[in-house]
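Working notes, beginning with the structure itself.
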């Protein structure tokens, strides 16, 4: 697998026009784009259609978390959209995750491509102090691993987690279990509001399956060049 197949660029924009401008700038360097809540709502879902028209893959980052029946309905619709990947919050519970997974499988039986179903363990913007404020005393790494195991038991394809936990997730859940890692900051980029971060090279070394990169690429003066630099760092990780 090439580095290009593992890089996901986050389209964290508030209008479809801004997102399309960025997609066009990256059209020769990036295959997978992440569409989150703000852009999805601002574009009324149209940016997903645009990406599919351009032959690009979509990680639909809406983090579903609801009662099992409602989560299943959302999963069903995401699958019908033809997205490459979407996610649910692991704290929604095992039954919610099972219901979402079963909904995906039901739609896929009809010939629709089966998207990767990924669980969100702990947001990378949260550290131990943040968890304590939420009444969670468990060590953040232990919490991530426990939630990853629960996601695997529910039949999910993998989890979203900090690259700092990628290696331990592989050890706990198996090499085929996917780790989608935000919190990626190249050596030349600012940290921003992410707290549990890692360079592209080190994240690949730790066993990350996909890297999610936003501002270091989309906020650069030359986004295409920034994307190529990230891909180069990832390739260095493959060599180690």
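Residue numbers (my numbering): 2 to 241.
Ideal Cβ placement from N, Cα and C applies to all residues, glycine included.
{"Asked": "Mind checking who residue 213 pairs with in its DSSP beta bridge?", "Found": "9"}
{"Asked": "Is it true that the segment 164-177 meets the segment 99-114, where meeting means three or more beta-carbon pairs spaced less than 8 Å apart?", "Found": "no"}
{"Asked": "Would a C-beta distance cut-off of 8 Å place residue 62 and residue 46 closer than the cut-off?", "Found": "no"}
{"Asked": "When the Cα of residue 29 is compared with those of 6, 99 and 205, which residue comes out closest?", "Found": "6"}
{"Asked": "Check residue 74 in the structure and name its three-state DSSP category.", "Found": "helix"}
{"Asked": "Check whether the segment 39-54 touches the segment 64-79, taking contact to mean three or more Cβ pairs, one atom from each stretch, closer than 8 Å.", "Found": "no"}
{"Asked": "Curious, which full-length alpha helix (DSSP H) runs of at least 4 residues does the segment 16-46 contain?", "Found": "17-26 and 38-43"}
{"Asked": "Under the three-state reduction of DSSP, which class applies to residue 97: helix, strand or coil?", "Found": "helix"}
{"Asked": "Name the DSSP beta bridge partners of residue 120, please?", "Found": "89 and 160"}
{"Asked": "Per DSSP, residue 59 is paired with what?", "Found": "34"}
{"Asked": "What are the start and end residues of the alpha helix (DSSP H) that includes residue 174?", "Found": "167-174"}
{"Asked": "Quick test of your reading: residue 179 and residue 159, contact by CB under 8 Å. State the CB separation rounded to the nearest angstrom.", "Found": "3 Å"}
{"Asked": "Measure the Cβ-Cβ separation of residue 88 and residue 161 and say whether it is below 8 Å.", "Found": "yes"}
{"Asked": "Between the alpha carbons of residue 97 and residue 70, how many angstroms are there, rounded?", "Found": "8 Å"}
{"Asked": "Output the distance between the C-alpha atoms of residue 149 and residue 122, rounded to the nearest integer angstrom.", "Found": "7 Å"}
{"Asked": "What number of angstroms, rounded off, separates the C-alpha of residue 208 from the C-alpha of residue 241?", "Found": "11 Å"}
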